[in-house]
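Undergrad: Just so we're aligned: 86 in our numbering is position 82 of the sequence shown, and the numbers increase by one with no gaps anywhere.
Below you'll find the structure I mean.
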Amino acid sequence: MPKILLVDDSKSIRFYLGNLLREAGYQVLEAADGRDGLACLAHDPVDLVITDLSMPNQDGISMISELKETGAQVPVIGISGRASNYLALAEHLGASKVFTKPLDYEQLLAAVKELSQESKP
């Protein structure tokens, strides 16, 4: 069962997306910001990261940047309700896919399936 780290400062988004992913057959870990997400990854490797790009403490942009600097090969999906320049920056830093909020859940699940399978050797 692929393991996904879901990083978002909104409890309601983590609750809804976490349940959606679990119902689709994924194991889900959750973090409230990039700092907590990176700490989680240090102890528990995952097959995919889904992160909000705009969060307090440490945003998803800097989290993606740190992940890529360490050479981590985990695919990342960036999500944001902010301007498209956030999404473009996330892709430039190495996000595999980006989505705007409100999310199209069918498209997101398709991307999750594709990327979580790609991360398997």
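Backbone N, C-alpha and C define an ideal beta-carbon position, used for all residues, glycine too.
Here the structure is a predicted model, which is why all the values come from computation and not from measurement.
Going along the chain, which residues of its own chain have a beta-carbon closer than 7 Å to the beta-carbon of residue 28, five neighbours each way excluded?
TA: Result list for residue 28: 113, in chain order.
Undergrad: Does the Cβ-Cβ distance between residue 67 and residue 42 come in under 8 Å?
TA: Yes. Within cutoff.
Undergrad: What number of angstroms, rounded off, separates the C-alpha of residue 48 from the C-alpha of residue 104?
TA: Cα to Cα, the separation comes out at about 27 Å.
Undergrad: Straight-line CA distance for residue 30 to residue 83?
TA: When rounded, the distance between both Cα atoms is 18 Å.
Undergrad: Can you give the Cα-Cα distance for residue 76 and residue 7, rounded to whole angstroms?
TA: Near 15 Å, if we compare the C-alpha coordinates of residue 7 and residue 76.
Undergrad: Who are residue 34's beta bridge partners in DSSP?
TA: According to DSSP, which records beta bridges pairwise, residue 34 is partnered with 10.
Undergrad: So, using beta-carbon positions, are residue 64 and residue 38 closer together than 8 Å?
TA: Yes; because the gap between Cβ atoms is below 8 Å, this pair is in contact.
Undergrad: Any heavy atom of the ligand GDP closer than 7 Å to the Cβ of residue 83?
TA: Among the ligands in the structure shown, none appear at all, so the ligand GDP cannot be discussed.
Undergrad: Report the rounded CA-to-CA distance for residue 108 versus residue 26, giving the unit in angstroms.
TA: About 17 Å.
Undergrad: Quick one: is residue 35 buried, meaning 16 or more other Cβ sit within 10 Å of its Cβ, or exposed?
TA: Residue 35 comes out buried.
Undergrad: With 16 other CB atoms within 10 Å as the buried threshold, where does residue 86 fall?
TA: Exposed, by the Cβ-count rule.
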